[in-house]
Amino acid sequence: MLKIALIAHDRKKDEMVNFVTAYEHVFHGHKLYATGTTGQRIMDNTKLDVHRFMSGPLGGDQQIGALVAENEMDLIIFLRDPLMAQPHEPDIIALLRLCDVQGIPCATNIATAELLVRAVDRGDFAWRELVHKYKPGIDANE
Numbered sequence: 001m002l003k004i005a006l007i008a009h010d011r012k013k014d015e016m017v018n019f020v021t022a023y024e025h026v027f028h029g030h031k032l033y034a035t036g037t038t039g040q041r042i043m044d045n046t047k048l049d050v051h052r053f054m055s056g057p058l059g060g061d062q063q064i065g066a067l068v069a070e071n072e073m074d075l076i077i078f079l080r081d082p083l084m085a086q087p088h089e090p091d092i093i094a095l096l097r098l099c100d101v102q103g104i105p106c107a108t109n110i111a112t113a114e115l116l117v118r119a120v121d122r123g124d125f126a127w128r129e130l131v132h133k134y135k136p137g138i139d140a141n142e
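Each residue of the sequence shown is one higher than the last, beginning at 1 in full-length UniProt numbering.
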């Protein structure tokens, strides 16, 4: 079971809902996380259960980022609106940086999202199980 985060800017929410609906059979059986409104819209339009965080501007991106920092997220689909300035742009950049640091695959457009979801469907993400299996424990002496 993969932990998958779904985030979409306002003008990309319909695209996210349509995408998740099209690939509902792939997302079923995985643990889904999302920022507030995106998660609610997905649940309203599918039979998927989504753990919802706060909306992005209110800290939802940072909440997901905290899981990424702990290497507790396996895949991020973040449909960004590149033509609209976002008031929480530093949070977005920080989340993307954390994905790079931890080696977490992150799609920021629908084309890349489709490639990653098809890889999940084929079982290409089995390597993430090894990441979790051999994840170093926290040393109390550090």
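Using N, Cα and C, we set each Cβ at its ideal position, and we do this for glycine too.
Own chain residues within Cβ distance below 8 Å of N109, not counting five before or after = One-based indexing of the sequence shown puts residue 109 at position 109. Counting only Cβ-Cβ distances below 8 Å, and skipping sequence neighbours, we find L79, R80.
Which residues in the same chain have their Cβ closer than 8 Å to the Cβ of E64, if we skip the five residues on either side of it in sequence?
-> Counting from one through the sequence shown, the residue named residue 64 turns up at place 64. According to the sequence provided, residue 64 is Ile. The question's Glu does not apply to it. Same-chain partners within the cutoff: A5, I7, Y33, T35, F53, M73, I76, L95.
Just to confirm, are K13 and T38 a CB contact at a threshold of 8 Å?
-> Within the sequence shown, the letter at position 13 stands for residue 13. Within the sequence shown, the letter at position 38 stands for residue 38. Cβ distance < 8 Å, so K13 and T38 count as in contact.
Nonlocal neighbours in the same chain, by C-beta distance under 7 Å from V17, ignoring five residues either side | In the sequence shown, counting from the first residue as 1, residue 17 sits at position 17. Within the same chain, V17 has close Cβ partners R41, I42, N45.
Can you tell me the Cα-Cα spacing of R118 and A69, whole angstroms?
-> Looking up residue 118 in the sequence shown gives position 118. Looking up residue 69 in the sequence shown gives position 69. Roughly 25 Å separates the two Cα atoms.
Can you tell me the Cα-Cα spacing of Q62 and G56, whole angstroms?
-> For this step, residue 62 is matched to residue 62 along the sequence shown. For this step, residue 56 is matched to residue 56 along the sequence shown. Cα to Cα, Q62 sits roughly 8 Å from G56.
So F78 is in the beta strand (DSSP E); what residue range does that whole segment cover?
-> Against the sequence shown, residue 78 aligns to sequence position 78. Per DSSP, F78 belongs to the beta strand (DSSP E) from 75-79.
Please check the pair L116 and A107, which I expect to be a contact at CB under 8 Å, by giving their CB distance rounded to whole angstroms.
-> Position 116 of the sequence shown, counting from 1, holds the residue named residue 116. Position 107 of the sequence shown, counting from 1, holds the residue named residue 107. Indeed they touch by this definition, with Cβ atoms about 5 Å apart.
Inter-residue Cα distance where the pair is N141 and N71 = What you label residue 141 is simply residue 141 of the sequence shown in a count that begins at 1. What you label residue 71 is simply residue 71 of the sequence shown in a count that begins at 1. Only weak support is given to the placement of N141: the predicted model assigns it a pLDDT of 44, under 50, and the value that follows is read from those uncertain coordinates. If I take the Cα positions, the gap works out to 21 Å.
Quickly, what does DSSP pair L32 with across the bridge? List them, please.
-> If you number the sequence shown from 1, residue 32 lands on position 32. According to DSSP, L32 bridges with I4, V50.
Close Cβ partners of V50 (< 6 Å) along its chain, the five nearest in sequence each way excluded | Taking the sequence shown and counting its residues from 1, one reaches residue 50 at position 50. Answer for V50: L32, A34, G39, I42, M43, listed in chain order.
Closest Cα partner of L48 within the set Y23, A66, A85, A111 = Locating residue 48 in the sequence shown gives position 48, where the first residue counts as 1. Of the candidates Y23, A66, A85, A111, the one whose C-alpha sits nearest the C-alpha of L48 is Y23.
Would a C-beta distance cut-off of 8 Å place A113 and F19 closer than the cut-off?
-> Counting from 1 along the sequence shown, the entry for residue 113 is found at position 113. Counting from 1 along the sequence shown, the entry for residue 19 is found at position 19. In this structure, F19 lies closer than 8 Å to A113 by Cβ.
Give the range of the alpha helix (DSSP H) segment to which L116 is assigned.
-> Walking along the sequence shown from the start, residue 116 turns up at place 116. 110-122 is the extent of the alpha helix (DSSP H) around L116.
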